[in-house]
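S.K.: I'd like to ask some things about the structure below.
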Amino acid sequence: MQTTIKSPVSFEGSGLHSGASARLRVVPADCDSGIVFRRVDLAPAVCELPARWDLVDQSPLCTRLVNAHGTSVATVEHIMAALVGCGIHNAIVEVDGPEVPILDGSSALFVQGILSKGVWAQHRPVKALKVLKPVEVHRGEAWARLRPHNTLLLEFGIEFEDAAIGVQKKTLNMSNGSFVRELSDSRTFCRKADIDSMRANGLALGGTLENAVVVDGEKILSPGGLRHRDEAVRHKMLDALGDLGLAGSPILGHYQGFRAGHALTNDLLRALFDRTDAFEMVECDSEMSSRLPGAGVHWGEIPKVA
22 MQTTIKSPVS FEGSGLHSGA SARLRVVPAD CDSGIVFRRV DLAPAVCELP
72 ARWDLVDQSP LCTRLVNAHG TSVATVEHIM AALVGCGIHN AIVEVDGPEV
122 PILDGSSALF VQGILSKGVW AQHRPVKALK VLKPVEVHRG EAWARLRPHN
172 TLLLEFGIEF EDAAIGVQKK TLNMSNGSFV RELSDSRTFC RKADIDSMRA
222 NGLALGGTLE NAVVVDGEKI LSPGGLRHRD EAVRHKMLDA LGDLGLAGSP
272 ILGHYQGFRA GHALTNDLLR ALFDRTDAFE MVECDSEMSS RLPGAGVHWG
322 EIPKVA
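Structural data, given as structure tokens:
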């Protein structure tokens, strides 16, 4: 069955790029609503932004939604990953400004909040997007691909000059709560050399050593070091799950990304929806539902975050 959160949960922090204070509340929604962002600081006629691939205003550093009225909300990928990874299909995400709070730079606190309220089974079957044929996109050396698979399988590779990151690869099946256990606490990361450039361009104004992993060559500058030896590639997979959530339905397919970012994953969804022969929408029975992200996840699977 489709699901929503049992009762509202609130979060407060600052925006990673704007540095402005931000409050967010996830509230239950009716069947077939999907995930909808709502700017509660704006008039009802212009405030809603469905979490959908075709509303993405592409950026290399975050995922930003913009509706026909010009209303926007940025850095939606971590809350989207938490909702997808907890198996939430319908929810209203209320935000009081143009950016989602970054919290600790991962999805862990969003996951904790969602699971503390519980997941509510609704009365209609969930429909999944089943990939039928390979679809692939490229930008320079970066590429992303979707292929047929009976679960959502994520595979990612990164290469960085900084020895603290280097070359990392990982593959994970997203069924059986693996997002919550394996990816949800992995934080966004950046190179120290890039910080001054981003801030000069009005970005990363809310970034700190507590809400991002900052690397400089072989050094990890953030207090406490890494949560995982391969935290960087895990976070890229977290981002990919959140961005794939903008398909509007759970995906059954094998996602592969190499040096891919937000814009390239959005390119992939656009290419997929341009190919009506490459996918079909299927109504999930209980066996198929058990293979979707978040199925059967429970509180005990949340990693302990410092």
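Take 22 as the starting number for the sequence shown in this note's numbering and just add one per residue.
Built from N, CA and C at the ideal position, the CB exists for glycine as well.
Predicted model only: the values in this text are computed from it and were never measured.
#1: Pick out the complete beta strand (DSSP E) segments inside the segment 220-251, 3 residues or longer, and give them in chain order.
#2: With DSSP run on the structure shown, which of helix, strand or coil describes S42?
#3: Count the other CB atoms within 10 Å of the CB of E10; is the residue buried (16 or more) or exposed (fewer)?
#4: Using the C-alpha atoms, what's the distance from P169 back to V48?
#5: Return yes when the Cβ of L293 is within less than 8 Å of the Cβ of C305, no when it is not.
#6: If we ignore side chains and look at the alpha-carbon of each, how far apart do G246 and D298 end up?
#7: Using only the alpha-carbon positions, how far apart do V216 and V254 sit?
#8: Per the DSSP calculation, G108 is bridged to which residue(s)?
#9: Starting from the C-beta of I241, find all residues in its chain whose C-beta is less than 7 Å away, skip the five residues before and the five after it, and write them out in chain order.
#10: Find the nearest neighbour of R73 within the set G315, V303 and R291, judged by alpha-carbon distance.
#11: DSSP beta-bridge partners for G278?
#12: From the DSSP output, in three-state form, read off R312 for me.
#13: If the criterion is Cβ atoms closer than 8 Å, does the pair E115 and R46 meet it?
#14: Please state if the CB of L63 and the CB of T92 are separated by a distance shorter than 8 Å.
#15: How big is the Cα-Cα spacing for G266 and G321?
#16: Would you mind working out which of A281, G108 and S35 sits nearest M22, comparing C-alpha positions?
#17: Could you check how far apart the C-beta atoms of G315 and G198 are, in whole angstroms? I think they sit under 8 Å.
#18: Could you tell me the alpha carbon to alpha carbon distance between H159 and L76, rounded to whole angstroms?
#19: Contact check, G106 vs S205 under 8 Å by CB: the rounded distance?
#20: Report the option in D295, D251, R44 and V132 whose CA atom is closest to the CA atom of P155.
#21: Roughly how many whole angstroms lie between the Cα atoms of V201 and G126?
#22: Measure the Cβ-Cβ separation of L285 and A163 and say whether it is below 8 Å.
#23: Check T192 in the structure and name its three-state DSSP category.
#24: Under a three-way DSSP split, which group does K151 fall into?
#25: Do G55 and G269 have their C-beta atoms closer together than 8 Å?
#26: Where do the N-terminal and C-terminal ends of the beta strand (DSSP E) with I26 fall, by residue?
#27: Within the same chain, show all residues whose beta-carbon is closer than 7 Å to that of H249, passing over the 5 residues directly before and after it, in chain order.
#28: Among K151, L104 and A142, whose alpha-carbon lies nearest the alpha-carbon of S128?
#29: K213 and D251: beta carbons closer than 8 Å?
M.R.: According to the structure data:
#1: 234-237
#2: Counting from one through the sequence shown, the residue named residue 42 turns up at place 21. Residue state, collapsed to three classes: strand.
#3: Absent from the model: residue 10. The displayed extent of the chain is 22 to 327, so no value can be given.
#4: Reading the sequence shown from its first residue, position 27 is the one you call residue 48. Reading the sequence shown from its first residue, position 148 is the one you call residue 169. So the two alpha carbons sit approximately 33 Å from each other.
#5: By one-based count along the sequence shown, residue 305 stands at place 284. By one-based count along the sequence shown, residue 293 stands at place 272. No; because the gap between Cβ atoms is not below 8 Å, this pair is not in contact.
#6: On the sequence shown, residue 246 is found 225 positions in, with the first residue counted as 1. On the sequence shown, residue 298 is found 277 positions in, with the first residue counted as 1. G246 and D298: Cα-Cα distance of roughly 46 Å.
#7: Locating residue 216 in the sequence shown gives position 195, counting from the first residue. Locating residue 254 in the sequence shown gives position 233, counting from the first residue. Correcting the residue type first, residue 216 is Ile in the shown sequence and not Val. Approximately 20 Å between the Cα atoms of the pair.
#8: Looking up residue 108 in the sequence shown gives position 87. Note: G108 sits in no beta bridge, so no partner.
#9: As a position in the sequence shown, residue 241 is number 220, starting the count at 1. A185, V234 and L247.
#10: Along the sequence shown, one-based indexing puts residue 73 at 52. Cα-wise, what sits closest to R73 is R291.
#11: Along the sequence shown, read from residue 1 onward, the residue named residue 278 stands at position 257. Partner(s): A165 and F177.
#12: Position 291 of the sequence shown, counting from 1, holds the residue named residue 312. Three-state DSSP puts R312 in coil, outside helix and strand.
#13: Along the sequence shown, read from residue 1 onward, the residue named residue 115 stands at position 94. Along the sequence shown, read from residue 1 onward, the residue named residue 46 stands at position 25. Against a cut-off of 8 Å, the Cβ pair of R46 and E115 comes out as a contact.
#14: To locate residue 92, count along the sequence shown from 1; it is residue 71. To locate residue 63, count along the sequence shown from 1; it is residue 42. Yes, these two residues count as a Cβ contact at 8 Å.
#15: Here residue 266 corresponds to residue number 245 of the sequence shown, with the count starting at 1. Here residue 321 corresponds to residue number 300 of the sequence shown, with the count starting at 1. Each residue's alpha carbon lies about 24 Å from the other.
#16: Translated into positions along the sequence shown, residue 22 becomes position 1. Cα-wise, what sits closest to M22 is G108.
#17: As a working note, residue 315 is residue 294 in the sequence shown. As a working note, residue 198 is residue 177 in the sequence shown. Right, their Cβ atoms sit about 7 Å apart.
#18: The residue you call residue 159 lines up with position 138 of the sequence shown. The residue you call residue 76 lines up with position 55 of the sequence shown. Rounded to whole angstroms, H159 to L76 spans 21 Å at the Cα level.
#19: Residue 106 sits at position 85 when you count from the first residue of the sequence shown. Residue 205 sits at position 184 when you count from the first residue of the sequence shown. G106 to S205, Cβ: 6 Å. Contact.
#20: On the sequence shown, position 134 is the one that residue 155 refers to. The shortest CA-to-CA distance from P155 to any of D295, D251, R44 and V132 is the one to D295.
#21: Sequence index remark: in the sequence shown, residue 201 carries index 180 (1-based). Sequence index remark: in the sequence shown, residue 126 carries index 105 (1-based). Between V201 and G126, the C-alpha separation is close to 15 Å.
#22: Counted from its first residue, the sequence shown places residue 285 at position 264. Counted from its first residue, the sequence shown places residue 163 at position 142. A contact, by the Cβ cut-off of 8 Å.
#23: To locate residue 192, count along the sequence shown from 1; it is residue 171. The answer is strand: DSSP assigns T192 an E or B state.
#24: Counting from one through the sequence shown, the residue named residue 151 turns up at place 130. Looking at K151 - three-state DSSP - the assignment turns out to be strand.
#25: Reading the sequence shown from its first residue, position 34 is the one you call residue 55. Reading the sequence shown from its first residue, position 248 is the one you call residue 269. In contact: G55 and G269 (Cβ atoms closer than 8 Å).
#26: In the sequence shown, the residue the question calls residue 26 occupies position 5. T24 to I26 is the span of the beta strand (DSSP E), which, as asked, contains I26.
#27: Numbered from its first residue, the sequence shown carries residue 249 at position 228. So the list reads S207 and R255, once near-sequence residues are dropped.
#28: Counting from 1 along the sequence shown, the entry for residue 128 is found at position 107. The shortest Cα separation from S128 among K151, L104 and A142 belongs to L104.
#29: Translated into the one-based positions of the sequence shown, residue 213 becomes position 192. Translated into the one-based positions of the sequence shown, residue 251 becomes position 230. Contact flag unset, no.
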